[in-house]
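*Asks:*
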Amino acid sequence: MGMNKNTVLAWATFIMIFVGLALIALGAFRYDEVAGWGFASVGIGFFAIAWVFNALKGRV
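Numbering (UniProt numbering), first residue to last: 1 to 60.
Shown next, in the form of structure tokens:
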């Protein structure tokens, strides 16, 4: 079973959302100091990139 471009972008979007949630959870529950803000902001950045990947489906 081959994967076309839309399938690859769908998997990339899923993985980016999962990693983003993990980073936000690390920032919220693991680190109490300024590092938590950094983890959460990087997690939000992963969400933004996943949003771009999702928007590219069908256009590439």
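Backbone N, C-alpha and C fix where the C-beta goes; we use that ideal spot for every residue, glycine too.
The model shown is predicted, which means the values in this text are computed figures rather than measured ones.
Determine the burial state of F29: buried for a count of at least 16 other Cβ atoms within 10 Å of its Cβ, exposed for fewer.
*Replies:* Classification for F29: exposed.
*Asks:* How would you call residue 61, buried or exposed, if buried means at least 16 neighbouring beta carbons within 10 angstroms?
*Replies:* Because residue 61 is not part of the residues shown, which for the chain are 1 to 60, the question remains open.
*Asks:* How would you call L23, buried or exposed, if buried means at least 16 neighbouring beta carbons within 10 angstroms?
*Replies:* L23 should be labelled buried.
*Asks:* Assuming the contact rule is C-beta atoms closer than 8 Å, F46 and G27 should be a hit. Round their C-beta distance to whole Å, please.
*Replies:* Their Cβ separation, rounded to whole angstroms, is 12 Å, which puts F46 and G27 out of contact at 8 Å.
*Asks:* Take A50 as the anchor and find which of G36, D32, W11 has the nearest alpha-carbon.
*Replies:* Residue W11 is the option with its Cα nearest to A50.
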